[in-house]
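Position in the sequence shown (first residue = 1) + 1164 = my numbering.
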Amino acid sequence: MTALETQLTEIVEKEQGQKIIPFLQKLTQEERKSLIPCLSRLEEYYNKFVQLEERTYGTRATSGQHHIIDLAALVIFPLKEFRKHEWGINTAHLNEIAAWHIPTWLDSYFVEGEGKEFGGFYNMDYEILMDWIERGILTVSPSPQTIAGYLVNYIHTTPVLEKRDITINEHIWYLFEYDCGQNWHANPAKGYPYYTFQHFTENGKLDRMRVLKESLLAINRNFNKNLCSWFAGMFTALNPSVEEQLTLQPEMFAALSSPHSRPINIILGLLKNLCSHPRFLTDDFLDQTTVLFASDVKAVHQNMLGVLSKLAKEKKEYHDAICCAATQGLMSRDESTQNKIVKLIQTFGETESPTLKEALSAYAETMLTSTKKELAAYLKDNVSDALSTDKVLLTTLDEQANVASFDYEPMPPILREDNRIQEITSIEDLLFLASQILDSNELYHFDLFLNALIEWNEQLEAKHITQWTPVLQRAYKLLINGGSSRNGISDSMMATFLIDYAKLLIKRFPIEAKELSTLHEKMVQKDELQKGQWRYRNLQKITIRQKSNKRTELPIHKQLLCRTLDLLESNENRLPMLSTPTHMPAFIDPIVLIKRLGQYQQANAEPDDMDMQIALSRMALNDYPSQDLPTVLQELEGEYQNLFSFLMGAKDAVPQAPFTHPSWWMTAGLIKSPETVYTEFKDFSYSKSSREFLTGNFSWWTFQTPHSYTDYHNKVVNWTSSTLSFNVPEGENIHIVNKGKYDERVSYHSYDPHPLLVEMYSQIERYDDIQNDLPRLVWLAPNTPEPLFVWCIRCAIYDPMLNEVREVGITQATIEALHQLRHEWHETSYLLEASCMLVADKTSRSYAAGIWTDRVSTGCIDSVRIGRILGSHQRTGWGPLKRLTDLIQQQMINVSPLHNRELELLLTSLIAELPEQPVKELKKLLEIYSELLSVNNSKVTDERILQLLEIWKNTANLKKVIVSINR
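Set out below in structure tokens:
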């Protein structure tokens, strides 16, 4: 160690802050360069996270030592070394040395940080930035976005804004061009969020017309809805005069194309007063109607019609054009919107207008029955004829059932050539699959890779080994850095398995696998540098067989990986994995499975228990009629043949002894008929457990819980939350931990040493981070997914107001899986479908509606059952009814006569479950119901609904719609 290195080390160790600047000032360029290795070692040592106390971690350095090292780094390090060791520049530290030293790389470092969330400077603000530019510390010009990001903090500090001419003349306008969170910077002193702009426009320091124009242009600059609304609010807060608004009409019309409804409604409110002016650009405004009526926000439609109505009163020459424009609003199935359009057309439209008739004919399918009646005189003759023909043909629901459009679509077979999974037929195929195994591209890749590895491992040659290096590099990267947003726990487990497999290759090919060995050592060293940090993975000892305390571990996938590793290490006969899918997403052709079992019989080998359970749970059972069984099962004998005869046989088939493998028989019974308790299985240990854990058929209920809190005004605020809960029975093998608390979980263990696949779902104690793994979990048992659905509902769908990323991700993954599955629905599937129609996430609601639409077409859904669950939810206030009524209007009504019939059944059972006290949004629900009754030419016959209607008609706002229902 040189004298300079010793001196620097001593200054840091003894925290001699007063000596560091004199020491650095005396250094020549060569001496600075010579100190780089020493300072790097000090950085690494003092910045390393270590255990300071029990359960407490932090860096070795004190704040004083960090200060010394930061100053030294600014003087000694070149840019490459500074990036390696330092997280950023403390502006106060740079100011300490700026009088005698400015890093030559400072400009480059500043430019690199622009546009990033953290720009690389601690405590940087607009004042410091401008000071550095004026003093020559920074010689580059910051980007407008960077300036706006710092200036926004002074948006209400007029002394700073007035300090420099460039701030008012140039920089302040950048605030209109970039999202800097302007709406979060209120001005509590003035009590007015736009005080600065009002102040400067009144004093002539800002061009008022430019401020008004820029605020309108900002509405369409792809900002979030709150910021767009903030700029729209600025425009109105400045009280633009009529003359100013007339001048800015092009910008106001452009603002109507905003993706957010609130600024649109603000502008429409101004245009309603402006449209009566002689200089109002009527033609340009009417050009905007297409965009506005395409919105799914009712308030936009209502406000737009308000402007059109006033415009029609003022400008008679535009009556026909206005009425034609208004017809576009008939895309909305909202009754109040259509009523306003009807009123406008009846007031200002001409019955003989060919353009109006043409415009109306385009929306005949979306018109409500009452709208069609009101506008009959304006509709084309052929449309009226079609409507009257429909009334003749479709007079009752019974008659409708005979119409061709009521025929159910055939369910396409699962086993088709277009969804057959391509087999791995060479080493090259295996390596190509391995290269994408961590990408989560296809569900079946996980199983296909394990099976291919078992089949082709012995045929690997020395020349193939180096081709595993990129695969292993990705595995290490995933473990150390966490992978992409698409990776889940199963991907991390696969990466760990690949490291185990690499060790087998190194042992088998010690010379050719030297590259793999070197890579492992390098990654272990890199991992050791992170010891004590949350990213530390202990790669030196990591193995897929390692026991983990993580409550999110996937036990079934771990079991598959461990068994594969055992087979690769052993000299056992390499038989295929029974559970490898043959058709996408993860189904198995029963014929292929029978042939695989035939190989096991010939080899006198015992199948792995879990592998067999998964294989049975993935069978595409409905694609083979029971009469073909004798031919299909010729390859099997004994228990195998009896098992498949039972599972694939007629619905009333009875299991035949011997039952050497109870887990297989129990799995087959749950697949065939989960609601049937087979007496032949009464002696199985699985029968001791609560059957709900095997079928997922838990009883459930919804309830409301009152809450209160005291706000910052010392006022008590009361609110209620709605919860969907399952009745989880407790027993010898079932315990509820933290019962009734937010972290409640179920502890369950099987009575049998070979637990059922469905029993292992409850071993996943936390489903918090499981959204990326959920598809793989569901497709382990596509014939019996409902036990898993229960835990998903408990985790993410128990509260209809949850809209956080975690809950939304799990909800979407669950309902998407339900969409793809072909199992017979039971209570939990219906509960999931109905509940997702009311959740906060719009995408999940849309999925649920899509599932209903598809299954109605094929006759595979009980709409009455869904309606009953929805009614039960509404009876206890679980989920806003508006979400359902909007969903019905947007995706479920008027899809086809068949769908309208099923939707009527759904709503009938829903309404029958409602309480006598009208629920919120009941009027809209009854309006939809009335429309369906009219379209289906039906009448209310349900006694419970008739009683409710009699009670509800005493409610003022329901009287009219109830009259229309009873008509």
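We treat Cβ as the ideally placed atom computed from N, Cα and C, and that holds for glycine.
Checklist line | Buried or exposed (CB count within 10 angstroms, at least 16 for buried), A1784 | finding: Here the question's residue 1784 lines up with position 620 in the sequence shown. Counting Cβ neighbours within 10 Å, A1784 comes out buried, since at least 16 surround it.
Next item on the list: Return the residue from the list P1949, D1907 and G2041 that minimises the CA-CA distance to W1865.
Entry: Taking the first residue of the sequence shown as 1, we reach residue 1865 at position 701. Selected option, being the one with the closest Cα: G2041.
Note to self: Measuring alpha carbon to alpha carbon, tell me which residue in T1446, L1293 and T1310 is nearest E1281.
What the structure shows: On the sequence shown, residue 1281 is found 117 positions in, with the first residue counted as 1. Of T1446, L1293 and T1310, the residue nearest in Cα terms is T1310.
Item checked: In chain order, each alpha helix (DSSP H) run of at least 4 residues that lies wholly inside the segment 1776-1817 -> 1793-1796 and 1802-1812
Notebook entry, point to check: Which of helix, strand or coil does DSSP assign to T1553?
Noted result: Position 389 of the sequence shown, counted from the start, is the residue given in the question as residue 1553. Interpretation of T1553 is limited by its pLDDT of 39, a score under 50 that renders its predicted location unreliable; no figure is taken from the coordinates.
Item checked: Nearest to D1571 (by Cα), restricted to the options L2090, A1237 and L2062 -> For the purposes of this step, residue 1571 is taken as residue 407 along the sequence shown, with counting starting at 1. Answer by Cα proximity: L2062.
Check: So which of C1392, S1534 and A1396 has the shortest CA-CA distance to V2125?
Finding: In the sequence shown, counting from the first residue as 1, residue 2125 sits at position 961. Minimum Cα distance to V2125 is reached at S1534.
Check: Does the Cβ of V1881 have 16 or more other Cβ atoms within 10 Å, making it buried, or fewer, making it exposed?
Finding: Taking the sequence shown and counting its residues from 1, one reaches residue 1881 at position 717. Counting Cβ neighbours within 10 Å, V1881 comes out exposed, since fewer than 16 surround it.
Next item on the list: Note down the Cα distance separating G1646 from L1636, rounded to an integer number of angstroms.
Entry: For the purposes of this step, residue 1646 is taken as residue 482 along the sequence shown, with counting starting at 1. For the purposes of this step, residue 1636 is taken as residue 472 along the sequence shown, with counting starting at 1. Between G1646 and L1636, the C-alpha separation is close to 15 Å.
Check: What residue ranges within the segment 1398-1475 form continuous alpha helix (DSSP H) runs of no fewer than 4 residues, ordered along the chain?
Finding: 1406-1411, 1413-1419, 1425-1438, 1446-1450 and 1453-1457
Checklist line | Cβ neighbour criterion (16 or more within 10 Å) applied to T1589 | finding: Position 425 of the sequence shown, counted from the first residue, corresponds to residue 1589. Exposed.
Checklist line | Closest Cα partner of M1774 within the set I1720, H1747 and E1733 | finding: For the purposes of this step, residue 1774 is taken as the residue at position 610 of the sequence shown. Comparing Cα positions, the closest option is I1720.
Check: Do you know offhand how far E1501's Cα is from A1489's?
Finding: Against the sequence shown, residue 1501 aligns to sequence position 337. Against the sequence shown, residue 1489 aligns to sequence position 325. One detail in the question is off: residue 1501 reads as Thr in this sequence, not Glu. Roughly 14 Å between the two C-alpha positions.
Margin query: Using the three-state DSSP reduction, which class does E1676 fall into: helix, strand or coil?
Written below: Numbered from its first residue, the sequence shown carries residue 1676 at position 512. E1676: coil per DSSP, three-state reduction.
Check: In three-state DSSP terms, what is T1515?
Finding: The residue labelled residue 1515 in the question sits at position 351 within the sequence shown. Looking at T1515 - three-state DSSP - the assignment turns out to be coil, as it is neither helix nor strand.
Notebook entry, point to check: Is the segment 1243-1254 touching the segment 1204-1221, taking contact as three or more C-beta pairs under 8 Å?
Noted result: yes
Note to self: By alpha-carbon positions, which one of E1908, R1374, S1227 and L1693 ends up nearest to G1181?
What the structure shows: Here residue 1181 refers to the residue found at position 17 when the sequence shown is read from its first residue. With distances taken between Cα atoms, G1181 lies closest to S1227.
Checklist line | Length at least 3, wholly inside the segment 1184-1224: the beta strand (DSSP E) runs in chain order | finding: 1213-1217 and 1220-1223
Notebook entry, point to check: From P1870 to M1495, what distance separates their C-alpha atoms?
Noted result: Against the sequence shown, residue 1870 aligns to sequence position 706. Against the sequence shown, residue 1495 aligns to sequence position 331. Spanning the two alpha carbons is a distance of roughly 40 Å.
Margin query: Just to confirm the assignment, what range does the alpha helix (DSSP H) spanning F1364 have?
Written below: Translated into the one-based positions of the sequence shown, residue 1364 becomes position 200. Start and end: Y1359 to E1366.
Note to self: T1948 and S1781 - do their beta-carbons sit closer together than 8 Å?
What the structure shows: The residue you call residue 1781 lines up with position 617 of the sequence shown. The residue you call residue 1948 lines up with position 784 of the sequence shown. For S1781 and T1948, yes; Cβs fall inside 8 Å.
Margin query: Let's test the definition: count the other Cβ atoms within 10 Å of the Cβ of L1216 and tell me whether it reaches 16, buried, or not, exposed.
Written below: By 1-based counting over the sequence shown, the position of residue 1216 is 52. So L1216 ends up on the exposed side.
Next item on the list: Measure the C-alpha to C-alpha separation of G1762 and A2013 and round it to an integer number of angstroms.
Entry: Residue numbering aside, residue 1762 sits at position 598 when the sequence shown is read from its first letter. Residue numbering aside, residue 2013 sits at position 849 when the sequence shown is read from its first letter. Each residue's alpha carbon lies about 44 Å from the other.
Checklist line | Proximity of V1375 and S1425 at Cβ, strictly below 8 Å | finding: Within the sequence shown, the letter at position 211 stands for residue 1375. Within the sequence shown, the letter at position 261 stands for residue 1425. Not closer than 8 Å, so no.
Checklist line | Y1994 in three-state terms, based on DSSP | finding: Position 830 of the sequence shown, counted from the first residue, corresponds to residue 1994. It is helical.
Check: In whole angstroms, what is the alpha-carbon distance linking E1174 and G1300?
Finding: Along the sequence shown, one-based indexing puts residue 1174 at 10. Along the sequence shown, one-based indexing puts residue 1300 at 136. Answer to the nearest angstrom: the Cα atoms are 34 Å apart.
Next item on the list: Return the bridge partner residues of V1922 from the DSSP annotation.
Entry: In the sequence shown, counting from the first residue as 1, residue 1922 sits at position 758. According to DSSP, which records beta bridges pairwise, V1922 is partnered with nothing at all.
Notebook entry, point to check: In chain order, what residues of the same chain have a beta carbon less than 7 Å from the beta carbon of K2117, not counting five sequence neighbours either side?
Noted result: Walking along the sequence shown from the start, residue 2117 turns up at place 953. Answer for K2117: K2123 and I2126, listed in chain order.
Margin query: Check this for me: beta carbons of L1469 and G1493, under 8 Å apart or not?
Written below: Here residue 1469 refers to the residue found at position 305 when the sequence shown is read from its first residue. Here residue 1493 refers to the residue found at position 329 when the sequence shown is read from its first residue. Their beta carbons are under 8 Å apart, which means L1469 touches G1493 by this criterion.
Check: Which of the three DSSP states, helix, strand or coil, is assigned to R1650?
Finding: On the sequence shown, residue 1650 is found 486 positions in, with the first residue counted as 1. In this structure, R1650 counts as coil in the three-state DSSP scheme.
Next item on the list: Give the secondary structure of G1252 by DSSP, where H, G and I count as helix, E and B as strand, and everything else as coil.
Entry: Working through the sequence shown from its first residue, we reach residue 1252 at position 88. G1252: coil per DSSP, three-state reduction.
Note to self: Within a Cβ cutoff of 7 Å, which residues of the same chain sit near A1659, ignoring the five residues on either side of it in sequence?
What the structure shows: In the sequence shown, the residue the question calls residue 1659 occupies position 495. Same-chain partners within the cutoff: L1602, A1639, L1642 and L1643.
Next item on the list: Work out the CA separation of E1968 and K2006 for me, nearest whole Å.
Entry: As a first step, residue 2006 is located in the sequence shown; it is residue number 842 there, counting from the start. As a first step, residue 1968 is located in the sequence shown; it is residue number 804 there, counting from the start. When rounded, the distance between both Cα atoms is 13 Å.
Next item on the list: Can you tell me the Cβ-Cβ gap for P1819 and S1854, rounded? I've got them flagged as a contact below 8 Å.
Entry: Start at 1 with the first residue of the sequence shown, and residue 1819 comes out as number 655. Start at 1 with the first residue of the sequence shown, and residue 1854 comes out as number 690. Not a contact, Cβ separation roughly 22 Å.
Checklist line | contact_flag[the segment 2031-2046, the segment 2065-2079] where n(CB pairs < 8 Å) is 3 or more | finding: yes
Margin query: Taking the straight line between their C-alpha atoms, what separation do you get for V1547 and T1530?
Written below: As a first step, residue 1547 must be located in the sequence shown, where it is residue number 383. As a first step, residue 1530 must be located in the sequence shown, where it is residue number 366. Interpretation of V1547 is limited by its pLDDT of 47, a score under 50 that renders its predicted location unreliable; no figure is taken from the coordinates.
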